[in-house]
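In my numbering, the protein residues as written are 111 to 198.
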């Protein structure tokens with residue numbers, strides 16, 4: 111849980127540099143708007159081992175609401191570890 115919060119705030123900290131670079135190109139602008147429209151839906155995949163951490167970082171860059179971020183990503187991470195514990 112702490113890892114996703116650290117990733118979120120790293121992305122939050124990188125917001126200014128990333129936003130200016132993204133909005134400088136046409137493709138970057140489309141990606142930025144796409145992230146704002148579907149960012150919360152992308153958090154559904156934050157429980158996955160390899161792509162989950164970059165998704166939580168991008169959530170910080172997009173400045174998704176922190177409360178919703180913690181609710182969605184946190185519950186899914188807890189559910190992942192709970193499912194792993196049941197398998198063992």
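Each residue gets a CB set at the ideal place from its N, CA and C atoms; glycine is no exception. Since we're looking at a predicted model, the values are computed, not measured.
Taking C-beta atoms as the reference points, residue 182 and residue 153 count as a pair closer than 8 Å. In the three-state reduction of the DSSP assignment, residue 160 falls in the coil class, being assigned neither a helical nor a strand state. Annotation: residue 145 to residue 193 spans about 29 Å, alpha carbon to alpha carbon. Assigned with DSSP and collapsed to three states, residue 190 falls in helix. Excluding the 5 residues flanking it on each side, residue 120 has same chain C-beta neighbours closer than 8 Å at 167, 170, in chain order.
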